[in-house]
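The opening position of the sequence shown corresponds to residue -16 in my numbering, with each subsequent residue numbered one higher.
Just so you know, even glycine gets a beta-carbon here, dropped at the ideal spot from N, CA and C.
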Amino acid sequence: MIACVTPAEFHLSETLNTVQYAQRARAIQSKPRIQQVEEGDKQAIIDRLKAEVTFLRDQIRNAERGGGDRRTPGTEGGRSERQNERETELQNQLLDVQETYTTLSQRHAKLIAEMAKARDAEQAGNEENDDALGDSATERLNRSNSFAQAVEQVVLEYEKTIRSLEQSLSSTRGTLSSTETNLLEKETKCAYVETINTQLQARLQKLMDREASTENYLHDLEAKLDGHTSGEEKNATIIIELRKEISRVRENEASCEDYISTLEERLAEADQDAELMQ
């Protein structure tokens, strides 16, 4: 049997199927052959594969743990900066998972090539030792078949781990996209709240300026009232008119104070809405 394999990442599934089929074909033999495979070598290969699987699972846990973190900003500028940092962190995690997946695929292809090369070398050595098999040939053949089954199980588990990593990569991309969408929505809401706050502050400043002007006018009227000390009738008439004017101005001042209170309440409500959006 002649089979062609490639280390390319997009041919990984086909390569695995080819190698598995080749292993089954090699197991069909017309005469016993010595499979010189040490138990230590088999255990070393299995331990190395388990270590790689453990490493990849740790990477997935770290990515999920990082995706669950949420930070509460103190100010508008700090919130935007932290959201940008979060977006950068997710992108870095996505790149790390992609790099880990690529490295895993390369290691897997290299391991398959090494196993095939070692198997060919063992078969070449076995052909030279066919005459010295004796009674132990059947036992060694059974050991070889057991090793092939163990390797096949490890390869299947390895393939499942790769599929799990692909799903984790897709989930990380979805989390990144959702985070970007939420970031844009929050930035739009913050800009709207800032615009309303600016308008309310401008109106409040105008009302405060008007109140100050009214106070100055009242002081002027009171000064004029104090300056008229002669002419009782004339002064009385002037005093009555001035008092009417003062009453009118004070009524206007009271209405201005009510309007200022209303604006302050609206400004406080806008600040509360901004805090809730955070």
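Residue S160 holds the alpha-carbon nearest to the alpha-carbon of T71 among E258, S160, E177. Nearest in C-alpha terms to L166, of all of E64, L187, D203, T197, is E64. A Cβ-Cβ separation of about 29 Å leaves T171 out of contact with A46 under the 8 Å criterion. I11 sits in coil when the DSSP states are folded into three classes, being neither helix nor strand. Taking a contact as a CB-CB distance under 8 Å, the pair L246 and L204 does not count as one, their CB atoms being some 27 Å apart. The criterion of a C-beta distance shorter than 8 Å is satisfied by A10 and A131. The stretch 136 to 144 makes contact with the stretch 31 to 39, as at least three CB pairs between them are under 8 Å.
Leaving aside the five residues that flank K217 on each side, none in its chain has a CB nearer than 6 Å to its CB. If you compare the alpha carbons of E135, E236, L148 with that of Y4, the shortest gap goes to E135. In this structure, T83 lies away from Q150, with their beta-carbon atoms at least 8 Å apart.
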